[in-house]
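Residue numbers (my numbering), protein chains in the order written: chain A, 1 to 165; chain S, 1001 to 1582. Heads up, the beta-carbon is just placed ideally off N, CA and C, and yes, glycines get one too.
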Amino acid sequence: MEREYTLSVLVENKSGVLAHIAGLFSGRGFNISGLSVGETENPEYSRMTIVVRGDDKILEQIKKQLNRFVDVIKVVDLTNISAVHREIILIKVKATSHKKQEVFQICEVFKGKIVDISHDTLTLEVTGNTAKIEALITLLKPYGIIEIARTGRVSISRGFKKGEK
Amino acid sequence: MKINGAQAVVESLRKENVDVIFGIPGGVIIPLFDVLYDAKDINVIITRHEQGAIHAADGYARSSGKPGVCLVTSGPGATNIVTGLATAYMDSVPIVALTGQVPTSLIGNDAFQEADTTGITRPITKHNFIVRDPDELVPVMKKAFYIATTGRPGPVVVDLPKDILTSEIEFYYPESIKIPGYNVTTKGNPRQIKKVVEAIKKAKRPLIYAGGGIIISNASEELTKFVKKTGIPITLTLMGLGAFPATEPEFIGMLGMHGTKTANYAVDKCDLLIAVGARFDDRVTGKLSMFAPHAKFIHIDIDPASISKNVIIDLPVVGDAKEILKEMTKEIDKLDIDEWRKQIEEWKKEYPLMYEDDDILRPQYIIEKLYELTKGDAIITTEVGQNQMWAAQFYKFTKPRTFITSGGLGTMGFGLPAAIGAQVANPNTLVVDIAGDGSIQMNIQELATITQEALPIKVLILNNGYLGMVRQWQEYFFNRRYSGTDLKKYKHWEDEQFSKDKELPYIPDFVKLAEAYNALGMRIEKKEDVEGAIKEALKRKVAVVMDFIINPEENVTPMVPAGAPLRKMISSKEDAENYLLA
C-alpha cells in the first residue's frame, strides 16, 4: 500500500552528501516529496528529514541503500514512532483594506505572524505540521494566493530513548 | 617526515602493499608520475586508453583478490574511466582509482581539463573523495583502500588536485581508521544460521544458488565442503563460475537466461533455494513472480541492501559467506534427498548443453577444445555477448578467480585489458581472452600495452562479422531485421588499386593487425585446424591473436526470453516464434 514515510537521516556535514542522497532517489526511481537539511548539535553532522512516498518494500530498500552510503551515519524511520513534525510556510495573499481584518483573524487562529504588509497584500508566516499548513492554504485560497514558499518537513522523535546521545 | 603530496601518495601505496599501477599520465598528474619514475618497487603499466587502465586494474583485482590501482589525469582522463568504474561497481571489485584534478584555486572555473569527477562518479563508486586539504591526503588514502576492500568491495575514487600533490605535508600512515558511517557485518547471526540449517534439514528439494560473493569472500573451499557434506545440488551464476568445480557431479551448470535446462528446471521445482553471495539479477531470475515458485528463500549476503531487493527472503543472514558456510557445515550432515538428486541426474542426461556436430566451424567446439588443451588450467577473460556466454557454458571452471567477465554492466571491450591485469597478477599462468569481433575492437589498442609489456596473452576471437548477441535477439524476436549489427564490409572503394575486395569481408584483418602490434596472428577457418592452431598458440611465448571465422549465425542456446519465466527456454527461431505467439 502506498503511503508517506518520514526518515530522519544523520549524515556527514560536507559538500557532495546532499547531491549523493538526492542522486540515490532519482537514480533508483524513489519518490521523494520533501527534503530539508541543516546542521545538528554536532557541527560535523547534518540531519536530513526526508519525506518519501511508496510502500513498505520500497521504504525498506531506501533505508538499506541510505545505510550503504559511507557518509550516512544513521537512518531513523519516524513514520510509526512518536515524533514532532513541523514545516514553515510563507504565504502572500491579496488583502485589500476591508479584507485585511479577516486575514489577520485567520493568522491568529493559526498562531502565525504577519511578516509583511502592503497596500493590498499580506504575507503570513505559519509553522505547523503538514495538515495544518494545508488547512491554512485552503482557507486563504478564496482571498487569492499570490505566492507560496514552504520548507520541507523537519522532524524529531519525542522523549529520550536509551542509546541516544 | 615532511614530504610533498605526490610522495605521500606513493608512500601510502607502499603501505598498502601496492606493487603495480595501471594508468596514463597527463598535465595535472605529472607530479605523481614524477615520483613513480624513481619508485622501482612499483610497476607502472601504461595502457593506451584510460578505459584500458581501469579494466586492467579490475582484471588484476579479480584474478588476485588484491585491490587494483588505476592512475589517470583530470578531465578526459577521469571521464574515460567512468565505464570501468561502473563495471567494477556492478561486480563488486575493489579498485582505488586516483584521478588528477586541477588546482583547488581553479576548481569550478571550467579550467583546462577540468571535470567534476566526484560528481560524475558518485553513483558508480562505492565512495569517492576529493582532497581539498593537504592534511587530509594520507587519511583519505587509508580510507579509500579500507572502503574498497572491505564488506561488499567496490571502486573508490580519490580526486587529487595538483596543488595538493605539490604541497608539503607531514607523513604519518595510520594503522587503523574509524569511519562513523561505515560498519560491516561479517559474522552471521548464530540464531539465524541455526534456523537456516533447520530449514535445510527439512527440505525435500533444496538447491544452492551461489554467485560472485563466494569468490570475493574466498569461500570456495567452504562452499565445496558444504555441498560435498550435504549432497545438495548447486547452480552458479555467471559471476560465480569457478566457485565450485564444474567437474563435480553436484554441479548442474549456470542458471538464468543462458543457463542449462537442468539448472533452470531445478530452480523451477526446488522447495528451498539457498542463495549465497548472489543478488537475484533479472538475467538470473527471468520473470520475478515465477522465479522458484515452490521455494522458500534463504539468502546469505554481506550487503543488507541485496536482501529482499527483488525477491522477498524468508530467512536472511547478513555476513561473510566464508564464516557462515563454515558454521553451517558443522551443524549439518548428508541429506536424504535421493529422489531429488535422481530427478536432477535425469534432467542432466536428457538436456546437456548441445551444438551441432558437423563440419561447420562452431564456437562451442573451439571452447571445448580450449578446455581440453588447457585442462582448465588457465585464466579466462571474456568480452561481452555470445563469446561470453559460450565461454561460460563450454569451459569447465574448476577454480575461483579463473573466470573474469563483466557480468553486471556487460561492458564490451572489458576482456582484453582485463587479461592484461590478470597476466600481470599471475605471470606464470596462461591467460586467454575469449572475444568477439565486435567487442574486441572496443579496446583493441591495448594490444600495444600487451606487446610493450611482453605479456604472452592469447586472444581468441570468435569472428562472425556481427554484433552476435544482438543479432540473435533480432533473429528470434525482430523477424531477422539485422539493424545495426552487421559489421561486414558492404560498400566498395572506388580506388582502382583497391577495386578487388579481399576474400573475407570482415574488418579489420585481425592477423595483420596482430602483426602491426608485433604479436602473432593466426586465422582459422576450418574445424579440423582448430586443435593444431590452439596447440601452437599455447606453445608460443608471444601474444597470439587467433581469428576464428565461425558460423556467422550461430546462436547461444538455450535462451530464456527477457521477462519470461525460467522454464520457458527456447533453442531456435521456431521456438521463439511459438513463444511470441503464445
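Simplified DSSP assignment, three categories, for residue i
| i | result |
| --- | --- |
| residue 1609 of chain S | Past the boundaries of the shown model lies residue 1609 of chain S; chain S is included only from 1001 to 1582, so the question cannot be answered. |
| residue 1468 of chain S | helix |
| residue 20 of chain A | helix |
| residue 1239 of chain S | coil |
| residue 1446 of chain S | helix |
| residue 92 of chain A | strand |
| residue 1123 of chain S | helix |
| residue 1289 of chain S | helix |
| residue 113 of chain A | strand |
| residue 1045 of chain S | strand |
| residue 1338 of chain S | helix |
| residue 1571 of chain S | coil |
| residue 1415 of chain S | helix |
| residue 1059 of chain S | helix |
| residue 1488 of chain S | coil |
| residue 1159 of chain S | strand |
| residue 165 of chain A | Any reading at residue 165 of chain A needs caution, since the residue's pLDDT is 47, under 50, leaving its predicted position unreliable; the model's value is listed next. Here residue 165 of chain A sits in coil by DSSP. |
| residue 1226 of chain S | helix |
| residue 121 of chain A | strand |
C-beta contact flag for residue i and residue j at 7 Å
| i | j | result |
| --- | --- | --- |
| residue 1274 of chain S | residue 1214 of chain S | no |
| residue 1387 of chain S | residue 1313 of chain S | no |
| residue 1418 of chain S | residue 1404 of chain S | yes |
| residue 1155 of chain S | residue 1117 of chain S | no |
| residue 1461 of chain S | residue 1510 of chain S | yes |
| residue 53 of chain A | residue 36 of chain A | no |
| residue 1256 of chain S | residue 1385 of chain S | no |
| residue 1049 of chain S | residue 1452 of chain S | no |
| residue 1186 of chain S | residue 1157 of chain S | no |
| residue 1210 of chain S | residue 1276 of chain S | yes |
| residue 155 of chain A | residue 6 of chain A | yes |
| residue 1074 of chain S | residue 1101 of chain S | yes |
| residue 1220 of chain S | residue 1400 of chain S | yes |
| residue 1043 of chain S | residue 1020 of chain S | yes |
| residue 1262 of chain S | residue 1348 of chain S | yes |
| residue 1408 of chain S | residue 1090 of chain S | yes |
| residue 1016 of chain S | residue 1145 of chain S | yes |
| residue 1181 of chain S | residue 72 of chain A | yes |
Integer-rounded CB distance, given that residue j should sit under 8 Å from residue i
| i | j | result |
| --- | --- | --- |
| residue 1542 of chain S | residue 1519 of chain S | 6 Å |
| residue 1104 of chain S | residue 1163 of chain S | 6 Å |
| residue 1332 of chain S | residue 1230 of chain S | 6 Å |
| residue 1564 of chain S | residue 1287 of chain S | 6 Å |
| residue 1271 of chain S | residue 1199 of chain S | With 8 Å as the limit, residue 1271 of chain S and residue 1199 of chain S do not qualify as a contact, their Cβ atoms being about 10 Å apart. |
| residue 9 of chain A | residue 70 of chain A | Not a contact, Cβ separation roughly 13 Å. |
| residue 1142 of chain S | residue 1173 of chain S | 7 Å |
| residue 956 of chain S | residue 1171 of chain S | The shown model of chain S, from 1001 to 1582, leaves out residue 956 of chain S, and the question about it has no answer. |
| residue 1547 of chain S | residue 1463 of chain S | 5 Å |
| residue 1113 of chain S | residue 1084 of chain S | With a Cβ gap of about 19 Å, residue 1113 of chain S and residue 1084 of chain S do not count as contacting. |
Closest residue to residue i among the options (Cα-Cα distance)
| i | options | result |
| --- | --- | --- |
| residue 1189 of chain S | S:1020, S:1320, S:1472 and S:1371 | S:1320 |
| residue 1269 of chain S | S:1304, S:1344, S:1300 and S:1310 | S:1344 |
| residue 1069 of chain S | S:1014, S:1265, S:1114 and S:1031 | S:1014 |
| residue 1151 of chain S | S:1558, S:1301 and S:1330 | S:1301 |
| residue 1581 of chain S | S:1508, S:1476 and S:1527 | S:1476 |
| residue 1368 of chain S | S:1491, S:1534 and S:1191 | S:1534 |
| residue 1045 of chain S | S:1430, S:1472, S:1454 and S:1490 | S:1454 |
| residue 181 of chain A | A:83, A:120, A:11 and A:40 | Since the first and last residues shown for chain A are 1 and 165, residue 181 of chain A lies out of range. |
| residue 1303 of chain S | S:1280, S:1296 and S:1292 | S:1280 |
| residue 1225 of chain S | S:1450, S:1237 and S:1330 | S:1330 |
| residue 1554 of chain S | S:1227, S:1375, S:1574 and S:1471 | S:1471 |
| residue 1197 of chain S | S:1289, S:1140, S:1552 and S:1298 | S:1298 |
Element boundaries [beta strand (DSSP E), containing residue i]
| i | result |
| --- | --- |
| residue 1022 of chain S | 1020-1023 |
| residue 1318 of chain S | 1315-1318 |
| residue 1548 of chain S | 1544-1549 |
| residue 1191 of chain S | First-last for residue 1191 of chain S: 1190-1202, but that is the alpha helix (DSSP H), not the beta strand (DSSP E). |
| residue 1209 of chain S | 1206-1210 |
| residue 1101 of chain S | 1095-1101 |
| residue 48 of chain A | 45-54 |
Residue span of the alpha helix (DSSP H) that contains residue i, given as start and end
| i | result |
| --- | --- |
| residue 1033 of chain S | 1030-1036 |
| residue 1460 of chain S | Looking at the DSSP string, residue 1460 of chain S is not in any alpha helix (DSSP H); the run it does join, the beta strand (DSSP E), is 1458-1463. |
| residue 1387 of chain S | 1386-1394 |
| residue 1149 of chain S | 1137-1149 |
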